Structure formats: structure tokens, C-alpha cells
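Those protein sequence lines, which keep their order, are chains A and B.
Last residue of the first sequence: 176 in our numbering, with the numbers rising by one and none dropped.
Last residue of the second sequence: 176 in our numbering, with the numbers rising by one and none dropped.
The structure under discussion appears below in the form of C-alpha cells.
Protein chains: 2
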Amino acid sequence: MAAKDIHISDNLVPNGLALSKCTCMGLRKAARAVTQAFDSELRSVGLRSTQFSILSILVMGGAKTIGELSKYLVTDSTTLTRNLRPLERDGLIAIATGEDRRTRVIAPTAAGEESFAKALPLWQGVQERLIQKLGDSNWNTLLETLDMTVKASQD
Amino acid sequence: MAAKDIHISDNLVPNGLALSKCTCMGLRKAARAVTQAFDSELRSVGLRSTQFSILSILVMGGAKTIGELSKYLVTDSTTLTRNLRPLERDGLIAIATGEDRRTRVIAPTAAGEESFAKALPLWQGVQERLIQKLGDSNWNTLLETLDMTVKASQD
DNA sequence: ATACAGTATATGTATATACATATATTAAAA
DNA sequence: TTTTAATATATGTATATACATATACTGTAT
């Protein structure tokens, strides 16, 4: 049975809101689908989506502390501490103590920049195919509403 | 430094695509933000977003196999096998062997229906606040483009 | 200068996620 | 009918995620 053949018939709560339109489920579902697509391409260079994101921020934007990264990525800082481990282990980033010695300053290594450079055309391929399938207008709308959603969830 | 003060200045790849507009990063970021909001409400009834989603499908749509759930949720079936564990351990679902004895049929228990009923108004609160903050039109657009994105990622 | 409050990160624990692989069962082929 | 291919789920392993709590450091008040 294909996914599209599954119908959750009785899915209206009393006031008319549909559970099948749960914002959280919809977002997580789409995030899984898209992550699978990106991960599948990036696998050949040994990176995952999350790792590529972190690397891209560091390579394009320069060294950042864990706190800065976690705010930018809307990730708990304890999550980020752990997300950095595989990158450090593989020699793609370096973690140093900052001037404020409570902080850790994360910088890409030469190997990290190289890995990012290898991954970039693969990323670009998936990104472009997705934009093309969605259409420019829908894709732009998607990215805009995602940004709004992040802000709306936070205040 | 606030997240909005962080600027990834040099973020255009040669052909003009911006890394900061990575579809995957945007989706994952928004999924984290929204999940945090829903989880924060659902915590008082001991459910997480993922668990609430699964419960809602079973309660509103009836028993489903792991395969059916995994297709509907765009989740790897091995992930679903594991997602069910906490729900089973807490007595909210029952897992039985189907007529096709390779399959497992997942059904909500009475406790599961009760837990879902308790969670529903909490879910509704977060959902409505989000819709209100985004505006009906933006929210509808979001849910539509998310659906499109799932489809686009899959073919 | 010292005590105390606040901040940045780390660790313990639990769930979420997926790939590679193994197992069990069904369906198809010979 | 026996063999073989396909399907559904489970397990091993690794990463992603966040909360509660602990630790280390900074800044402030006295």
C-alpha cells in the first residue's frame, strides 16, 4: 500500500482543526524527506546534512563559538557540543578555548575546507533539482515561510 | 550575540546560490524550532511530538502496520520499529503479528487513547498560537509547500 | 577582595533517525 | 513442489536531538 493510499478519515478534532495538518508533523516529515535526499548525495564525501551545514557556516562565515552556532542553527547548545565531535574526530574542525575561556571557538581546518569544497557541487545538485521540481516561486515561498515559522515559534 | 546578528557574509557559491538558503538546513532548523515548542507543551502529559503523531494516526485512523506508518510518516521502517518502543513500554500501543505474519499491526490501547485525549488540547493550543502568529494565509502556504517538498524529494 | 549571580560548555540519559545487514515469511519461478 | 526472489521487520552501529544537571569561568555587588 502506497503512502498516498493511506487516509486518516476521522481526523478532525471537535473545533475543526485537522490533526493531519499538524505543523510539527508536517515540518518533521519534510525535514526527513529532504534530509534523506541531501544525505544520500553527501554520503560519497562522508558528510551528513548537519555536518555540511556546520562546515559551510564555518568556512563561509569564519570561526564561531558553540553558542553562536547553536543560536544560528536553533539547536540546543548541548546538541551542538555533540554534533561537533565527529567533525573534530575526522579532523575537519579545530576546537580551541576562546579569549573568554568559557567559550570554545570552532574553526574549519584545511581538511575541513577541502571536504566542504568537495561537497559543495553535490549540495548544489540536490538544491537545484529541488528548486526545479518545486518551481522557483514555491521554493522561495517555502524558504520564507520557514524563516517566519522559526521566528513565530520563538516568541 | 543574538542569532540575528550573525552574518554569513561570503555565502554565495560561484553560480549565485546561497548556502544560507539551503533547503535542508532551513527545514531542519524550522523543524527543531517547532518541535521544541510542541514538546514543551506535550511534556506535561509525557509525550513527545513524534509519539503524539504516531498516537494520533492510530487513534484517528485505526490500527496500522509498521510499513504503513513508515510510508505515511516518511520515516525509515527501522526507525519506526524503534519509535514504537517507548509507546509500547508505556502501555500506549499494542503490537501484534498480522495476518501476513511478517507484519506487525500497531493499535492504540485504552491508555493510549486516554493519553491522546489529554494531549489533544495541548497540541491544539500550540497549533492555534502558531497559526495565529503566522497568519492563516502563510500557515496554509507553509503546509502546502511542505507537502510539495515531500513529493519533490521522493521522485 | 570576596562572595554570589550569571554565562558557556560538558556529561548523563533518553528519544529520533537511518544505513547495513540479518531473519522470517510470503510470493513467484522452475 | 522445491528453489528462489521479494517483502516486512529486527538488530548493530552511528549520528542528531534536548533536558537536567554539573563544572568552569566571568562579571557584579558588597
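Beta carbons: idealized from backbone N, C-alpha and C, even for Gly.
Being a predicted model, the structure only gives us computed values, none of them experimental.
Take residue i as the anchor and find which of the options has the nearest alpha-carbon.
i	options	result
A/T130	A/L68, A/I114, A/T71	A/I114
A/L63	A/W160, A/A138, A/G88	A/A138
A/I116	A/V95, A/L90, A/S136, A/T96	A/L90
A/T96	B/K154, B/T166, B/L164, B/M46	B/M46
A/E109	A/A128, A/R123, A/T99	A/A128
B/R103	B/S65, B/L164, B/T170, B/T71	B/T71
B/T56	A/C43, A/A58, A/T56, A/Q57	A/C43
B/E135	B/F73, B/L48, B/S98	B/F73
Does the beta carbon of residue i sit closer than 7 Å to a beta carbon anywhere in chain B?
i	result
A/V55	yes
A/A24	For A/A24, the predicted model reports a pLDDT of 44, less than 50, meaning its position is unreliable and no value from the coordinates is stated.
A/S136	no
A/T170	yes
A/A173	yes
A/L143	no
Counting contacts by CB-CB distance shorter than 7 Å, is residue i in contact with chain A?
i	result
B/L40	yes
B/V126	no
B/I29	Residue placement at B/I29 is flagged as unreliable, the pLDDT there being 48, under the threshold of 50; a coordinate-derived value is accordingly withheld.
B/L164	yes
B/L19	Past the edges of chain B, shown from 22 to 176, lies residue 19 of chain B, and the structure says nothing about it.
B/L167	yes
Quick check: the Cα distance between residue i and residue j, rounded to an integer number of angstroms?
i	j	result
B/N159	A/V147	26 Å
A/K39	A/D60	Sequence inspection shows Ala at residue 39 of chain A; the Lys mentioned does not correspond to that position. Computed Cα separation, rounded: 31 Å.
A/S41	B/I75	11 Å
B/G67	B/R106	14 Å
A/K154	B/G112	43 Å
A/N161	B/G156	18 Å
A/E120	A/K85	12 Å
A/L167	A/R150	19 Å
B/M81	B/L143	17 Å
B/I87	B/R122	13 Å
B/L141	A/G133	46 Å
B/R53	B/E165	19 Å
A/I78	B/R69	30 Å
B/R125	B/T118	5 Å
A/A51	B/D176	14 Å
B/K172	A/Q145	19 Å
A/L94	A/M169	14 Å
B/S98	B/A58	26 Å
A/L163	A/R49	14 Å
B/L101	A/G83	38 Å
B/S65	A/S174	19 Å
A/K92	B/K92	33 Å
Name the DSSP beta bridge partners of residue i, please?
i	result
A/I114	A/P129
B/T86	B/V126
Compute every distance between the C-beta of residue i and the non-hydrogen atoms of the ligand FMN, then say whether any falls below 6 Å.
i	result
A/A131	Here there are no bound small molecules, and the ligand FMN is not part of this structure.
Closer than 7 Å, Cβ to any Cβ of chain B: which residues of the stretch 148 to 160 of chain A, in chain order? Q148, L151, K154, L155, N159
Residues from the stretch 43 to 54 of chain B in contact with chain A, defined by Cβ distance under 9 Å: The residues in question are C43, T44, C45, M46, G47, L48, R49, K50, A51, A52, R53, A54.
Could you please tell me which residues of the stretch 55 to 74 of chain A, in chain order, have their CB closer than 9 Å to any CB of chain B? Of all residues in the stretch 55 to 74 of chain A, V55, T56, Q57, A58, F59, D60, S70, T71, F73, S74 have a Cβ within less than 9 Å of some Cβ in chain B.
If you measure beta-carbon to beta-carbon, which residues of the stretch 81 to 114 of chain B are closer than 7 Å to chain A? M81, G82, E89, K92, Y93, L94, V95, T96
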